[in-house]
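Protein chains: 2
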Amino acid sequence: MTSTISMGQYLFKRVAELGIEHIFGVPGDFNLTLLDELFKVHELDWLGVCNELNGAYAADGYARIKGVPGVLVTTYAVGELSAMNGVAGAYAEHAGMIHVVGMPGRAVQEARLMLHHTMEPGMDQTVYVGMAEPIRKTHTILTDEKTMAQEIDRVIEAGVKSKLPVYIYVPMDVVGIPLDASRLEKPLNTKVVNSNSQMEDEVVQSTLELIRKSSKPSILADVLTIRHGGRELARRLANATQFPTYSTPLSKGVFDETDSKYNGVYNGEVSFPGCADSLESSDLVLNVGFLLSDSNTGGFTRKIPNGNLVLLGHDYCQIHDKKFDGIHFLPVLKRIVEEIEKDLKQYGLPKSDTRAKVETPVLSTSTSGPITQSYIWQRIGRFLLPNDIILTESGTAQFGLTDAVFPASTQLITQTFWSSIGYTVGACLGALVASKEAQKQKQKRSSSSTSTSDSPSSRVILIVGDGSLQMTVQEIGSYIRFNFTPIIFVINNDGYAIERAIHGPGMGYNDISMLWDHQAMLGFLGAREGTGIKGRSFACRDVEELERVLGEEEFAGAGCIQMCEIFIAKLDYPWRLSAQIAVSRQKMAQAMALQA
Amino acid sequence: MTSTISMGQYLFKRVAELGIEHIFGVPGDFNLTLLDELFKVHELDWLGVCNELNGAYAADGYARIKGVPGVLVTTYAVGELSAMNGVAGAYAEHAGMIHVVGMPGRAVQEARLMLHHTMEPGMDQTVYVGMAEPIRKTHTILTDEKTMAQEIDRVIEAGVKSKLPVYIYVPMDVVGIPLDASRLEKPLNTKVVNSNSQMEDEVVQSTLELIRKSSKPSILADVLTIRHGGRELARRLANATQFPTYSTPLSKGVFDETDSKYNGVYNGEVSFPGCADSLESSDLVLNVGFLLSDSNTGGFTRKIPNGNLVLLGHDYCQIHDKKFDGIHFLPVLKRIVEEIEKDLKQYGLPKSDTRAKVETPVLSTSTSGPITQSYIWQRIGRFLLPNDIILTESGTAQFGLTDAVFPASTQLITQTFWSSIGYTVGACLGALVASKEAQKQKQKRSSSSTSTSDSPSSRVILIVGDGSLQMTVQEIGSYIRFNFTPIIFVINNDGYAIERAIHGPGMGYNDISMLWDHQAMLGFLGAREGTGIKGRSFACRDVEELERVLGEEEFAGAGCIQMCEIFIAKLDYPWRLSAQIAVSRQKMAQAMALQA
Numbered sequence: 001m002t003s004t005i006s007m008g009q010y011l012f013k014r015v016a017e018l019g020i021e022h023i024f025g026v027p028g029d030f031n032l033t034l035l036d037e038l039f040k041v042h043e044l045d046w047l048g049v050c051n052e053l054n055g056a057y058a059a060d061g062y063a064r065i066k067g068v069p070g071v072l073v074t075t076y077a078v079g080e081l082s083a084m085n086g087v088a089g090a091y092a093e094h095a096g097m098i099h100v101v102g103m104p105g106r107a108v109q110e111a112r113l114m115l116h117h118t119m120e121p122g123m124d125q126t127v128y129v130g131m132a133e134p135i136r137k138t139h140t141i142l143t144d145e146k147t148m149a150q151e152i153d154r155v156i157e158a159g160v161k162s163k164l165p166v167y168i169y170v171p172m173d174v175v176g177i178p179l180d181a182s183r184l185e186k187p188l189n190t191k192v193v194n195s196n197s198q199m200e201d202e203v204v205q206s207t208l209e210l211i212r213k214s215s216k217p218s219i220l221a222d223v224l225t226i227r228h229g230g231r232e233l234a235r236r237l238a239n240a241t242q243f244p245t246y247s248t249p250l251s252k253g254v255f256d257e258t259d260s261k262y263n264g265v266y267n268g269e270v271s272f273p274g275c276a277d278s279l280e281s282s283d284l285v286l287n288v289g290f291l292l293s294d295s296n297t298g299g300f301t302r303k304i305p306n307g308n309l310v311l312l313g314h315d316y317c318q319i320h321d322k323k324f325d326g327i328h329f330l331p332v333l334k335r336i337v338e339e340i341e342k343d344l345k346q347y348g349l350p351k352s353d354t355r356a357k358v359e360t361p362v363l364s365t366s367t368s369g370p371i372t373q374s375y376i377w378q379r380i381g382r383f384l385l386p387n388d389i390i391l392t393e394s395g396t397a398q399f400g401l402t403d404a405v406f407p408a409s410t411q412l413i414t415q416t417f418w419s420s421i422g423y424t425v426g427a428c429l430g431a432l433v434a435s436k437e438a439q440k441q442k443q444k445r446s447s448s449s450t451s452t453s454d455s456p457s458s459r460v461i462l463i464v465g466d467g468s469l470q471m472t473v474q475e476i477g478s479y480i481r482f483n484f485t486p487i488i489f490v491i492n493n494d495g496y497a498i499e500r501a502i503h504g505p506g507m508g509y510n511d512i513s514m515l516w517d518h519q520a521m522l523g524f525l526g527a528r529e530g531t532g533i534k535g536r537s538f539a540c541r542d543v544e545e546l547e548r549v550l551g552e553e554e555f556a557g558a559g560c561i562q563m564c565e566i567f568i569a570k571l572d573y574p575w576r577l578s579a580q581i582a583v584s585r586q587k588m589a590q591a592m593a594l595q596a
Numbered sequence: 001m002t003s004t005i006s007m008g009q010y011l012f013k014r015v016a017e018l019g020i021e022h023i024f025g026v027p028g029d030f031n032l033t034l035l036d037e038l039f040k041v042h043e044l045d046w047l048g049v050c051n052e053l054n055g056a057y058a059a060d061g062y063a064r065i066k067g068v069p070g071v072l073v074t075t076y077a078v079g080e081l082s083a084m085n086g087v088a089g090a091y092a093e094h095a096g097m098i099h100v101v102g103m104p105g106r107a108v109q110e111a112r113l114m115l116h117h118t119m120e121p122g123m124d125q126t127v128y129v130g131m132a133e134p135i136r137k138t139h140t141i142l143t144d145e146k147t148m149a150q151e152i153d154r155v156i157e158a159g160v161k162s163k164l165p166v167y168i169y170v171p172m173d174v175v176g177i178p179l180d181a182s183r184l185e186k187p188l189n190t191k192v193v194n195s196n197s198q199m200e201d202e203v204v205q206s207t208l209e210l211i212r213k214s215s216k217p218s219i220l221a222d223v224l225t226i227r228h229g230g231r232e233l234a235r236r237l238a239n240a241t242q243f244p245t246y247s248t249p250l251s252k253g254v255f256d257e258t259d260s261k262y263n264g265v266y267n268g269e270v271s272f273p274g275c276a277d278s279l280e281s282s283d284l285v286l287n288v289g290f291l292l293s294d295s296n297t298g299g300f301t302r303k304i305p306n307g308n309l310v311l312l313g314h315d316y317c318q319i320h321d322k323k324f325d326g327i328h329f330l331p332v333l334k335r336i337v338e339e340i341e342k343d344l345k346q347y348g349l350p351k352s353d354t355r356a357k358v359e360t361p362v363l364s365t366s367t368s369g370p371i372t373q374s375y376i377w378q379r380i381g382r383f384l385l386p387n388d389i390i391l392t393e394s395g396t397a398q399f400g401l402t403d404a405v406f407p408a409s410t411q412l413i414t415q416t417f418w419s420s421i422g423y424t425v426g427a428c429l430g431a432l433v434a435s436k437e438a439q440k441q442k443q444k445r446s447s448s449s450t451s452t453s454d455s456p457s458s459r460v461i462l463i464v465g466d467g468s469l470q471m472t473v474q475e476i477g478s479y480i481r482f483n484f485t486p487i488i489f490v491i492n493n494d495g496y497a498i499e500r501a502i503h504g505p506g507m508g509y510n511d512i513s514m515l516w517d518h519q520a521m522l523g524f525l526g527a528r529e530g531t532g533i534k535g536r537s538f539a540c541r542d543v544e545e546l547e548r549v550l551g552e553e554e555f556a557g558a559g560c561i562q563m564c565e566i567f568i569a570k571l572d573y574p575w576r577l578s579a580q581i582a583v584s585r586q587k588m589a590q591a592m593a594l595q596a
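Protein chains in written order, with the working numbering: chain A, 1 to 596; chain B, 1 to 596.
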């Protein structure tokens, strides 16, 4: 006699197997019975969010810290469509997501009833499934009882391996269908393996050989290194080789920035003085997990000759001019690191590279007066503590914080490629949840080893502009509802500053409502006398006021939710934003001229 | 020498030609130069909204009052995808929308540069264009200078005629291209005409003949009557014929509900006592602008035999069993009304129909104690004034307000078919804008006629539940920013009541944050001392408190923005919601059994 498990519980047990403890979403009549099954899986908790776009952002933020896809549950049509922009962002930036969508029952679909959430008589009710096709790796509609379990497994495995969103569509009549429970005894296969081992060998051996021969090697680890779980390997490679290291705008924090070998953020022509020269003078650049978008390459101004370049990517590797399609960097990097760690000398390590460390210039020494873009970001950098998770919204915060120097283990969440404003407010909820799960795990481990020392907890710090905040503000209420205590910096600079920098600085379309009382925000959303939830809010109009707040022990301790509003002049932009725009404009003009 | 006009201005001049005075949207780097052109067209004003989904809702709400599509401008990828759910709703419910999307320049698209807002290297940059295909009538990508003007005209005309969303994609390099300005001298052709005049004749003559022969005729005007501009014709038909009239949940307000011939909301088995019997006993039902979705037909429980039925729809008409494909009701209805008005006697009018008026039962006579669902909706009905625009959110408000009796000219906005919660908060902004435009027009007319009488202004009243409010709350800040003074009722009943009624009344997934301080909302968003904008907030926990507020002259006067929070028990539902759920469940079980 085989024991059975409901389809819904099977799905969520597989989710729990990934180490996931929280699911984000919004209920709707086509997913309610599915949520009943979720509530029966004790490893998982439900986090209801205010709307589906925010939920997608939260799942994305969760994935970036957790290292496995976030799970989002939405309802048919209205829910799944609202989430689309958030899912697409997780696709573009390889955050990954398992998007579970409740839909009408199979017979109702077959009958094409004109239910609410459909659009016209006799409509094919799977029409929305088709709309999401470009923003996912794969999907399944669970209609066939015989293949449901294997389809769930296939789709989740694809999502974990690819770090791209996947969709599981659940007709509401199938959630209780009994599936063979014994299948759960065999774990999911989520390990990234290159099927062409000969090709993998060649990449590994050739790279090792180039390392051996090089005299001025560098490691440039980009964001997909982090997204695909290669951050620790990249750090081990840096430690073993003692090569100079560089990050990109999107991967900032991938290396220990306090390390003497760390040379800063390489972003083509939009880099700090000396940084591009240093990297570009290498005779070997190991470029891992690259994402070569406009804002991550200084507007396509990287200058690394192919003859000096090893690209180790998620869907191909390339050594000089030879391309290895389908080879994933992760197994490659692991073998390279292990080889080198075994025998440094064989690879000529350490190298006698005489390149000087690229020092980060100090942009401002302000101690009083107006808060400027040149002052604020490096100052916030100095406010950071080891293990902090920091989110910077698309716009001035994102470009600005690139100037800061991070403590050793800082994790940055920012969306420089997809660049959807409002993203960080949702993503911050996900980061808070993932960080809490990680801490719980640490505590479990430390209590089981009878250690009494507390592991350092991660502060979660959100920096968002006033315009972006207005996109997704309600989700701050979820931080409060679920007892999280992030530090929120709101940059109040009178509208969409990034748009002003790009075009129409004085035009009305770049304005927003300036009537919001940010000081009242936490109270409105739940942190106030009467609810028993403490919140603290600050307004800083000059450097003195900000220094007072940043220097305060209670503020830095992050014991309750806190909001610090920072006033910056409307037309003040970070230098990187202005430089990026200038370069992009020039490069695009060139591209268009070439085209014409 | 021909005079020219930039592509951008040409587009917006065509928009202005429809009588539109305001455009909704969010700026983004791919639409900024297009917005420059918009700002040069003095007939139009830009209304920046907090996010794109809210913007789509606003454009939808605007269209429902204005009678022409609302215009939404978004930016490439992040913006257009965020709006999808709102556009789909405008599709399902025939609100119409002209969605203008700024996108990368043509040469950049051609080069497939890996710009921000794309998703992967070498991506076809029109991929998002394909995603929106199911939620629009037609679209154009303005790449070819020779056809741009005619493409703009074609797409706008299709949008106006069909009342379905249309998309105009504008590569950023084309906004300044000079087009022939003389083309604007020929107005757009937006008139709905049936190309098959013979078929139209047959529908008109057959219907007139059935009217002549009938002894118990009825008019059942559904929501597409309103959406396609037939409300006044339907009212003229009712006046001329003196037939009993019926609306549906979605079309409530289509007729003068104070008229002695109005018999209420026909919704199959989910109707007030006597209503369905009255309608179903007709020997002729003129069913105009029908939309036969589950919640608009009492869960598919209409009982009107084909032999008594004339369907006058937007894409077909049907007389008994004979279907006339492609015949639009609007020209048909116009001819029928004009024929009848010319000669009542020829059609046996007035009829000696002895059917009694269906009286609306009074559900509650509460004058004290807790506020119940049975009390609140008819009470709000009595609060309404002629010309009010009222929006009811999907959920208890939407089902509940169906019980109210409206003054003569009330306009209702509700989304019973698409049913996306949060919709009304955005739609209310659109309704406010359209109402303001209408009043300005009236004032212009009255001042030009040297009349001194003020035309009655429309109050705009929003009723939204606490859960739905959390979806889209930020847009209330736009009401304040743009000096609107709606009356907002917030139903505080501890979560998603409509979901609780459907499934899992006590389950945690139907909970929301109960920590929001609704009394602080208007202040947070801008209406407070210090901004010079007055706002008033009330909390009503029992009937006495609510009666005091509703009876107050200042509250009813709507001179400033006001919010009235109404506390209702968590598990109290309107009878229509419970009945609808019971019937739908039964009917769907039957459908599934038939299927099996």
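Where is the CB? At the ideal position from N, CA and C, for every residue including glycine.
(message) Which same chain residues end up closer than 7 angstroms to residue 579 of chain A when comparing Cβ atoms and leaving out the 5 residues on each side of it in sequence?
(response) 270
(request) Measure the C-alpha to C-alpha separation of residue 318 of chain A and residue 210 of chain A and round it to an integer number of angstroms. (result) 13 angstroms
(message) Measuring straight from C-alpha to C-alpha, what distance separates residue 263 of chain B and residue 401 of chain B?
(response) 16 angstroms
(request) Flag this pair as yes or no: are the beta carbons of residue 390 of chain B and residue 384 of chain B separated by less than 8 angstroms? (result) yes
(request) Answer yes or no: does any C-beta atom of chain A fall closer than 8 angstroms to that of residue 55 of chain B? (result) no
(request) Tell me the start and end of each unbroken beta strand (DSSP E) in the stretch 438-483 of chain B that is at least 3 residues and wholly inside, in chain order. (result) 460-465
(request) Examine the Cβ distances between the stretch 92-104 of chain B and the stretch 22-41 of chain B and report whether three or more of them are shorter than 8 angstroms. (result) yes
(message) According to DSSP, residue 148 of chain B sits in a beta bridge with which residue or residues?
(response) None; residue 148 of chain B has no bridge partner.
(request) Find out if the Cβ-Cβ distance for the pair residue 52 of chain B, residue 26 of chain B is shorter than 8 angstroms. (result) yes
(message) Would residue 560 of chain A and residue 540 of chain A be called neighbours here (beta carbons separated by less than 8 angstroms)?
(response) no
(message) Looking at chain A, is there any beta carbon in it that lies within less than 8 angstroms of the beta carbon of residue 499 of chain B?
(response) yes
(request) At 7 angstroms on the CB atoms, spell out the chain A contacts of residue 48 of chain B, in chain order. (result) 509, 511, 512
(request) Please confirm if the stretch 57-65 of chain B is in contact with the stretch 428-441 of chain B, defined as three or more CB-CB distances below 8 angstroms between the two stretches. (result) yes
(message) Please list, in chain order, the residues of the stretch 104-125 of chain B that have any C-beta partner in chain A closer than 8 angstroms.
(response) 105, 107, 108, 110, 111, 113, 114, 115, 116, 117, 118, 119, 120, 121
(message) Using a Cβ distance threshold of 8 angstroms, determine whether the stretch 185-201 of chain B contacts the stretch 124-140 of chain B, with at least three qualifying pairs required.
(response) no
(request) Taking residue 8 of chain A as part of the alpha helix (DSSP H), name the residues at either end of that continuous run. (result) 7-17
(message) Does chain B have any CB closer than 8 angstroms to the CB of residue 294 of chain A?
(response) yes
(request) Can you pull the chain A residues whose beta carbon is under 8 angstroms from the beta carbon of residue 134 of chain B, in chain order? (result) 119, 127, 128, 130, 131
(request) Measure the CB-CB distance between residue 479 of chain B and residue 515 of chain B and report whether it falls below 8 angstroms. (result) no
(message) Rounded to the nearest angstrom, what separates residue 373 of chain B and residue 276 of chain B at their Cα positions?
(response) 23 angstroms
(request) With a cut-off of 8 angstroms on the beta carbons, I'd call residue 567 of chain A and residue 371 of chain A a contact; round off their distance for me. (result) 6 angstroms
(request) Identify the contact partners of residue 531 of chain B in chain A, using a Cβ-Cβ distance below 8 angstroms as the criterion. (result) 515
(request) Using a threshold of 8 angstroms, state whether the C-beta atoms of residue 538 of chain A and residue 520 of chain B are closer than that. (result) no
(message) Under 8 angstroms: do the stretch 491-499 of chain B and the stretch 109-127 of chain A share three or more Cβ pairs, one atom per stretch?
(response) no
(request) Decide if the stretch 222-231 of chain A is in contact with the stretch 250-265 of chain A; the criterion is three or more beta carbon pairs, one per stretch, under 8 angstroms apart. (result) yes
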